[in-house]
Amino acid sequence: MKQILFVLLIPLLLLSCKKETVRLSTNADEIFWLSNAGADMPVWVRGNTASKVIILFLHGGPGDGAYQFADFQTDQLWKHYGVAYWDQRDAGASAGNNNVANLTLDQMIEDLEKLVIVLKYRYGNDIEIFLMGHSFGGLLGSGYLVKGDNQNNIRGWIEVDGAHDYPESNTLERQMLIDTGTSEIAKGHYVLQWTPIVNYCSSHQANVSLDIDLQIDNYAAQAENYVNINHTNTGVNIFSRSSPLSLGINLYYLYYTTPGRQFLQSLEPMTFTDQLHIITIPSLLIWGKYDFTVPVGSGLHALNNLGSDNKQLVIMPQSGHVPMDGNTDLFAQTVIEFVKSVR
Amino acid sequence: MVSPRPKFLLVCLRQICLLAFMLLFKVDLKAQDSLHKITQPVYVHSSFFYDFPQSFGASLGTTFPVRSKKIITEFKGGKKIIRYRDLIVSSDFGFYRYPFNNSGIYFFQSIGKRYHKEMPYYFEWLIRLGALRTFYDGLVYAVNDNGDVNVLKDYGRYYAVTGFTAVFGHDFERSKYPRPFSIAIKPSLWFQYPYNSFLLPHFSVEATFLYHFKSFNIGLKQKEVVQLLNK
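Protein chains in written order, with the numbering used here: chain A, 225 to 567; chain B, -4 to 226.
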């Protein structure tokens, strides 16, 4: 009996021995968690944290999860800087119990505020944090930066095909699908594929219902296959550190259950365009030329509205909504040069 | 009001057809039940555990029958088939580790049925219910309203777990050269609840070694059913 008890206690002993000392490294590969308002959110940190620069990646979706971008898409940054991949609440590998009441954009902005505090606590107050918001992460990042004095904690803002203005993105998305589709049909390119897209977009207005906007989003993702862009089409790594089961369940919850859809619905009117002038930190906008989901027009509009003196928009010529996939080298080079120029 | 007569006629007609069908095949079945007191082994088992996609772990537990049924089917020519249907309960205490994600300790209480004949192979199905405590990999931080950071020690969450397991086993105690152990493979589908206000499915497989200590037995009543099949 004693032996059995001993064997049962082994895992408990192993768990209690877990102790981590945080050290800055040129090749960090570590995880920590932020627990806030019912959600436990993992942050995977890769690369050169010894550089004292951390690029905090805000994934899109919502619900995409950040881990899938911790691969060839952003690994060129690791040599120069640390990159923190944060799974937002109810996304990726994030966990928790009954926390649906806290699934709001305001709560996510609060999560981000606390994460920035934790990053400084963990890696030192002298680290420089750059926010990189992709797609929905653009909305989240903009919401964070225009709130209070949050931008004082951030050295630079990198918006990648960011949806800082949902209604504008939806309108431009629909129009770009109609214009490009009509032009491609006239050229005889992918006529069968473009025809239903053009027909649907022509007969449905954007910003009328969530279902219509989600359908237009689906068509926007499909349309990237019918234009000449680089697309690696890498699927989700099923043996990744972020379990495809939790990723899939979190996505399912967001897109196919009433509470999840209520959250998506609450995002539909969200816009920070009229507050972008508040953001005065150096800003880099990176946009895929063939992004149908959040078209370049949205980036141009942000460029005009940002309050920063140091701001630029860089178009990725062979990219759609994910320029780190379409123009991986150019993307990395652009980000590295921007961070260098700001430091 | 509808007359009951057509329904009555329909029932009679159905019964006549059924009887005619049985007579056609000339099958007689006579059954006789009896109760015996028997002794059955209590197995202590240990398992290696793989949970898709990256978790590995181990568990310890016991399995024993609480009710047994022996079904003897005797054919006209003297041929006899013996089958067993045992109601079994099983308890498991284990842990897993999912690197860069979380570790967990769990307890499962299971109930199910074991099906076997005189051969060493057996099949079981189990319905499981239990509890899971997770521990996150890496440090867990919380920030209070004043902006103070706290490191939460051994932080994780409690979940209820439930699921279904199939067991494919080989009992060496019933083999030609009896040995006091069995081996089994157990694929499982189980759910962790409430996970982000929903549930998280798990697909796992256990490779199990079951050992029967000589003095570790349980007494129970076995119902014996003899079926005489005149075929």
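Think of the CB as a built atom: it goes at the ideal place given N, C-alpha and C, for glycine as much as any other residue.
Since the structure is predicted, the reported quantities are computational estimates derived from the model, not experimental observations.
From the beta-carbon of A/Ala317, the residues of chain B found nearer than 7 Å are Asn96. Neighbours of B/Gly142 in chain A, taken as residues whose beta carbon is under 7 Å from its own, are Ile341 in chain order.
Residue contact with chain A for B/Asn212: absent (no Cβ-Cβ distance below 9 Å to any residue of chain A).
In the DSSP assignment, the residues bridged to B/Lys65 are B/Tyr79, B/Glu219.
At a C-beta separation below 7 Å, A/Asp314 has these neighbours in chain B: Asn191.
For the 9 Å CB-CB criterion, B/Tyr79 and B/Ser177 do not form a contact.
Rounded to whole angstroms, B/Asn97 and A/Leu248 show a C-alpha spacing of 23 Å. Across the structure, A/Gly367 and A/Phe496 are spaced so that their CA atoms are roughly 7 Å apart. By the Cβ rule, the segment 127 to 134 of chain B counts as touching the segment 252 to 265 of chain A, because three or more pairs are nearer than 8 Å. Residue burial annotation: A/Arg313 is buried, with at least 16 other C-beta atoms found within 10 angstroms of its C-beta. At the C-beta level, B/Trp120 and B/Ala179 stay beyond 9 Å of one another.
The beta carbon of A/Leu537 is closer than 6 Å to those of Leu509, Gly523, Leu527 in its chain, skipping five residues each way along the sequence.
A/Asn452 is not a Cβ neighbour of A/Gln331, given a cutoff of 9 Å. Judged by DSSP in its simplified three-state form, B/His165 adopts strand.
For B/Ser177, the secondary structure class from DSSP, reduced to helix, strand or coil, is strand.
The DSSP assignment places 329 to 347, 360 to 369 as complete runs of the alpha helix (DSSP H) inside the segment 327 to 410 of chain A, in order along the chain (cut-off: 4 residues). Contact annotation, A/Leu339 with A/Val269: C-beta distance approximately 12 Å; criterion of less than 8 Å not satisfied.
At a cut-off of 9 Å between beta-carbon atoms, A/Asp264 makes contact with chain B. B/Asn145 is bridged by DSSP to B/Ala137. Assignment of beta-bridge partners to A/His413 by DSSP yields no partner. When 8 Å is used as the limit between beta carbons, A/Arg465 is near these residues of chain B: Gln49, Pro94, Phe95, Asn96, in chain order. Beta-bridge partners assigned by DSSP to B/Leu184: B/Phe159, B/Phe198.
Under the three-pair Cβ rule at 8 Å, the segment 347 to 358 of chain A does not count as touching the segment 148 to 162 of chain B.
Near chain B, meaning a CB-to-CB distance below 8 Å, the residues of the segment 344 to 362 of chain A are Tyr345, Arg346. Chain-ordered, the chain A residues with CB closer than 8 Å to the CB of B/Pro196 read Leu469, Ile473.
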